[in-house]
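Number of protein chains: 2
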Amino acid sequence: MAGRRTDTRERIQRVALELFAEQGYEGSSLREIAERLNVTKAALYYHFRTKEDIVSSLLEGWGAALDDLLERETGPAELITAYAGLVESRFGPVIGLVQRNTSALKAIAAGAGLADRMLRLHERLRGGSADPESDLRARLALVAVQLNSAEGGPRTPSDVALAVALDVLSPDGKAAGAGT
Amino acid sequence: MAGRRTDTRERIQRVALELFAEQGYEGSSLREIAERLNVTKAALYYHFRTKEDIVSSLLEGWGAALDDLLERETGPAELITAYAGLVESRFGPVIGLVQRNTSALKAIAAGAGLADRMLRLHERLRGGSADPESDLRARLALVAVQLNSAEGGPRTPSDVALAVALDVLSPDGKAAGAGT
DNA sequence: GTCTATAAGTGGATAGAC
DNA sequence: GTCTATCCACTTATAGAC
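Top to bottom, those sequences are chains A and B. Okay, so the first sequence: first residue is 1 according to our numbering, each after it adds one. Okay, so the second sequence: first residue is 181 according to our numbering, each after it adds one.
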């Protein structure tokens with residue numbers, strides 16, 4: 001695994017992520033990716049079977065990390081905290097991509113899979129309470145920690161984002177949705 | 181104005197919005213729009229100069245409504261309330277479109293114009309306070325009222341969404357950002 | 001206002017040489 | 001592992017008849 005001689009596959013992924021972030025998934029062509037790498041389109045096809053494979057490979061790590069998260073049996077607060085850690089440490093750019101290309105990516109298996117996991121995370125986050133307000137608050141908490149994702153630079157310090165997310169999820173004053 | 185004999189232009193807009201919502205802007209072709217309308221592509225070009233013109237015409241009303249909103253000299257709470265009214269009464273589907281096709285639409289003049297107006301609205305919403313937390317809260321308030329936009333049906337009752345938005349913007353306990 | 005026909009270009013993808 | 005050359009489906013857009 002670590003003994004490979006070239007890193008072209010990784011370079012393709014890096015450049016593709018760059019380009020998709022700038023112009024969107026459908027707005028970026030394989031020709032452009034190849035040009036920026038100074039190779040030909042055909043070379044890309046040695047490393048990836050299709051264009052969809054390229055973007056899927058980009059989403060892969062994020063999907064796996066979400067699965068890890070969903071397996072833990074922690075409560076809402078710990079869940080959103082761990083989620084914030086993932087966003088901050090590694091997956092910000094990928095999340096930004098997903099968020100700005102929702103329509104384009106929902107037509108792709110890996111994209112639909114991510115949407116599914118986010119839905120499950122959302123359910124776990126609102127815990128037992130299924131009322132509309134808790135539902136909305138759980139969504140907003142997720143948005144709070146990922147709003148920064150990849151637009152020119154981090155805007156909200158990550159600790160502030162997490163604090164707001166936690167407060168939005170369970171506003172002080174009202175005890176968190178422990179009743180019922 | 182009210183005396184036109186055909187409504188083809190409006191029918192094109194209706195079908196285009198439908199299709200863009202289902203498959204995204206770049207994922208929908210003029211051929212598909214024409215087919216769903218039982219006309220030919222060429223007919224579309226009688227009513228709109230380009231594909232971009234079609235989507236721009238869809239965003240137009242929303243842009244104008246935002247300009248109206250920005251001209252009023254009201255405070256944050258009134259602003260978000262009025263915004264929620266617009267989302268609820270007329271522009272939900274359009275906002276959903278914008279939100280799910282951010283990348284694709286930023287390459288379009290009308291789309292970039294909308295992003296600009298949202299930025300100004302966000303600034304007005306956080307009023308004088310420029311600290312990271314107020315900034316994030318202002319963004320979240322906007323998200324709160326528009327999260328429902330066009331996915332199969334309204335999820336959060338609009339009054340609940342507005343209440344949460346107002347609370348997120350200025351959590352009770354802390355007085356709203358009225359001082360400097 | 002809508003049609004047929006077609007231009008002109010791009011896209012993703014493959015074959016086969018090196 | 002990368003190249004040249006090519007294919008073909010499909011796109012936006014236009015010309016001109018009806």
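The beta-carbon is built from N, C-alpha and C at its ideal position, and this holds for glycine as well. Quantities reported herein were computed from a predicted structural model and do not represent experimental measurements.
For B/Val-274, the secondary structure class from DSSP, reduced to helix, strand or coil, is helix. Here B/Gly-291 is near B/Leu-239, since their CB atoms are less than 9 Å apart. Rounded to whole angstroms, the separation of the alpha carbons of A/Ser-28 and B/Gly-241 is 29 Å. By the rule that beta-carbons nearer than 9 Å mark a contact, B/Asp-233 does not touch chain A. A/Pro-171 carries a coil assignment under DSSP once its states are collapsed to helix, strand and coil. What B/Gln-203 touches in chain A, judged by beta-carbon distance under 8 Å, is Ser-103, Ala-107, going in chain order.
Under the DSSP assignment, B/Gly-291 falls in the alpha helix (DSSP H) whose first and last residues are 289-305.
In the DSSP assignment, B/Tyr-205 falls outside any alpha helix (DSSP H) and carries neither an H nor an E. Between A/Leu-147 and A/Thr-156, the C-beta gap is smaller than 9 Å, which places the two residues in contact. Exposure of B/Tyr-226 is indicated by the presence of fewer than 16 other C-beta atoms within 10 angstroms of its C-beta. Interface annotation, B/Ala-310: not in contact with chain A, CB-CB separation never under 9 Å.
For B/Arg-317, the chain A residues whose C-beta falls within less than 8 Å of its own C-beta are Val-164, listed in chain order. Under the Cβ distance rule, B/Glu-268 does not count among the residues neighbouring chain A, no pair being separated by less than 9 Å. Just measuring C-alpha positions, the residue of B/Pro-312, B/Val-325, B/Arg-270, B/Asn-281 sitting nearest B/Val-340 is B/Val-325. Within chain A, the residues whose beta carbon sits less than 7 Å from that of B/Ala-341 are Leu-136, listed in sequence order. The continuous stretches of alpha helix (DSSP H) do not include A/Leu-147, and DSSP gives it neither H nor E. The distance from the Cβ of B/Ile-260 to that of B/Leu-349 is about 6 Å, consistent with a contact at the 8 Å cut-off. Taking C-beta atoms as the reference points, A/Arg-100 and A/Ala-21 count as a pair closer than 9 Å.
Residue environment analysis places B/Arg-211 among the exposed positions, since fewer than 16 neighbouring C-beta atoms fall within 10 angstroms of its C-beta. Listed in chain order, the non-local C-beta contacts of A/Val-15 below 7 Å within the same chain comprise Ile-33, Arg-36, Leu-37, local neighbours out to five positions each way being set aside.
A distance of 9 Å or more separates the beta carbons of A/Arg-120 and A/Ala-138.
The Cβ neighbour count for A/Asp-116, taken over all protein chains shown within 10 Å, is under 16; the residue is labelled exposed. B/Arg-211: member of the alpha helix (DSSP H) spanning 210-217, first to last residue. Selection A/Ala-109, A/Asp-131, A/Ser-134 evaluated against A/Ile-54 yields A/Ala-109 as nearest (Cα-Cα).
Separation of A/Gly-128 and B/Ala-321 (C-alpha to C-alpha, rounded to the nearest whole angstrom) is 24 Å. Under a 10 Å Cβ-count criterion, B/Asp-248 is classified as exposed, with fewer than 16 other Cβ atoms of the shown protein chains found around its own Cβ. Residue burial is scored here from C-beta neighbours: A/Asp-135 has at least 16 other C-beta atoms within 10 angstroms and is therefore classed as buried.
Contact annotation for A/Glu-26 against chain B: Gly-204, Tyr-205, Glu-206, Gly-207, Ser-283, Ala-284 [CB-CB distance below 9 Å, chain order].
Taking 9 Å as the cut-off, the Cβ atoms of A/Ser-103 and B/Gln-203 count as close. With a threshold of 9 Å between beta carbons, B/Phe-228 makes no contact with chain A. The Cβ atoms of A/Ala-150 and A/Gly-92 lie closer than 9 Å to each other. Among the residues of chain B, those whose CB is under 9 Å from the CB of A/Leu-147 are Leu-316, Arg-319, Leu-320, Val-323, following chain order.
Nearest in C-alpha terms to B/Val-267, of all of B/Gly-243, B/Tyr-205, B/Glu-303, B/Arg-229, is B/Gly-243.
Nearest CB-CB separation between A/Gln-99 and chain B: below the 9 Å threshold. Contact between A/Pro-171 and B/Pro-351 is confirmed by a C-beta separation of about 6 Å, below the 8 Å threshold.
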